[in-house]
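In the working numbering, the protein residues as written are 647 to 960. One structure below.
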């Protein structure tokens with residue numbers, strides 16, 4: 647690809663679409679961070695984000711980190727101290743108090759292999775680093791063992807970590823982790839904010855989140871007009887119906903499909919058209935899809951499948 651084409655691919659790949667649900671979750675997390683900072687309560691409020699794969703959880707996760715203060719050095723007396731106000735980590739698949747502590751050490755970049763009293767030492771490390779919040783992914787791994795005793799131990803360690811360190815957690819997990827994670831009253835108490843992110847509902851109104859996101863993607867591609875000699879208007883019902891069936895309304899699936907179409911356009915005739923979407927959908931698979939390739943499926947069949955999906959959800 648040419649340099650301009652590489653730039654176009656990079657720009658589209660880094661595109662963050664701040665649709666209303668995304669912006670609501672983003673703003674709410676920042677509000678809670680600010681509240682905890684001002685309130686300075688010994689036990690901060692934490693936030694739980696529940697979302698299926700492909701709903702934009704990872705994008706939200708990364709966007710928050712990119713827009714908050716990062717690791718830096720400060721002078722404290724005669725020493726230079728590394729401050730880590732915000733950082734990300736993940737619950738390990740073998741979620742035990744010790745493994746969770748060791749994973750946090752690794753995420754902070756602290757080379758601590760001593761397993762003795764790891765829980766207490768991670769709390770001391772967080773205080774020394776001035777950590778305000780941990781973006782904690784894969785919370786559903788707490789329930790991975792399916793053993794009630796192990797679940798209780800891991801969940802209790804996380805509960806106590808918030809209380810003893812004064813560090814809030816912005817947790818990310820699958821919807822099914824809610825019951826297991828919040829079934830204990832003392833854990834639920836520390837997570838008063840429960841936010842959900844879902845795949846877009848099927849809605850062809852121009853103001854719907856689904857249509858707004860599609861339009862944003864189209865505009866992001868069209869800004870490179872010199873690269874696309876013939877761009878057909880695709881904001882029509884047939885295209886939108888086919889796109890929805892192919893992706894199931896998953897923003898992640900939509901983005902990946904558009905990325906593939908963009909590359910195919912650069913490698914081909916530089917003409918972006920619906921045929922490119924049809925061909926891309928032939929070779930791509932999305933867990934959220936309603937049909938393998940909505941672009942090769944009859945319009946009425948697509949609408950019937952969407953209606954059946956909506957009935958199953960409700």
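The beta carbon of each residue, even a glycine, is placed where N, CA and C say it ideally should be.
CA nearest to the CA of residue i, picked from the options
| i | options | result |
| --- | --- | --- |
| residue 903 | 931, 912, 686, 913 | 931 |
| residue 669 | 703, 850, 655 | 703 |
| residue 908 | 820, 933, 863, 676 | 863 |
| residue 655 | 957, 910, 928, 926 | 910 |
| residue 744 | 648, 727, 768 | 768 |
| residue 731 | 724, 720, 738 | 720 |
| residue 1012 | 958, 859, 921 | Residue 1012 is absent from the model: the chain starts at 647 and stops at 960. |
| residue 781 | 695, 857, 797, 684 | 695 |
| residue 840 | 825, 735, 920, 846 | 825 |
| residue 765 | 886, 674, 810 | 810 |
| residue 701 | 819, 673, 883 | 819 |
| residue 778 | 886, 711, 949, 752 | 711 |
| residue 805 | 827, 787, 790, 822 | 827 |
| residue 893 | 859, 933, 861, 925 | 933 |
| residue 850 | 866, 887, 865 | 887 |
Residue i, DSSP secondary structure in three states
| i | result |
| --- | --- |
| residue 735 | strand |
| residue 797 | helix |
| residue 937 | coil |
| residue 662 | coil |
| residue 780 | strand |
| residue 862 | helix |
| residue 869 | coil |
| residue 944 | coil |
| residue 812 | coil |
| residue 957 | helix |
| residue 951 | helix |
Neighbourhood of residue i by C-beta distance below 8 angstroms, restricted to the same chain and skipping five residues each side
| i | result |
| --- | --- |
| residue 808 | 689, 690, 692, 814, 815, 836 |
| residue 647 | 655, 912, 913 |
| residue 671 | 695, 706, 841, 843 |
| residue 729 | 717, 718, 719, 720, 775, 776 |
| residue 891 | 935, 936, 937, 940, 943, 948, 951, 952 |
| residue 925 | 910 |
DSSP beta-bridge partners of residue i
| i | result |
| --- | --- |
| residue 788 | Looking at the DSSP assignment, residue 788 forms no beta bridge with any residue, so it has no partner. |
| residue 817 | 694, 782 |
Beta-carbon proximity list for residue i, same chain, < 7 angstroms, skipping 5 on both sides
| i | result |
| --- | --- |
| residue 705 | 662 |
| residue 955 | 936 |
| residue 885 | 920 |
| residue 750 | 735, 768 |
Cβ-based neighbour list, residue i, same chain, cut-off 6 angstroms, excluding 5 preceding and 5 following
| i | result |
| --- | --- |
| residue 898 | 700 |
### Query
Quick one: complete alpha helix (DSSP H) runs, 4+ long, within the region 819-855?
Listed in chain order, they are 823-828, 831-836.
### Query
Where in the region 687-762 do unbroken runs of the alpha helix (DSSP H), each at least 4 residues long, occur, reported from the N-terminal end onward?
The qualifying runs are 703-712, 743-754.
### Task
Please specify which runs of the alpha helix (DSSP H), each continuous and at least 4 residues long, are wholly inside the region 877-936, giving them in chain order.
Segments of the alpha helix (DSSP H) lying fully in the region 877-936: 883-893, 897-913, 920-929.
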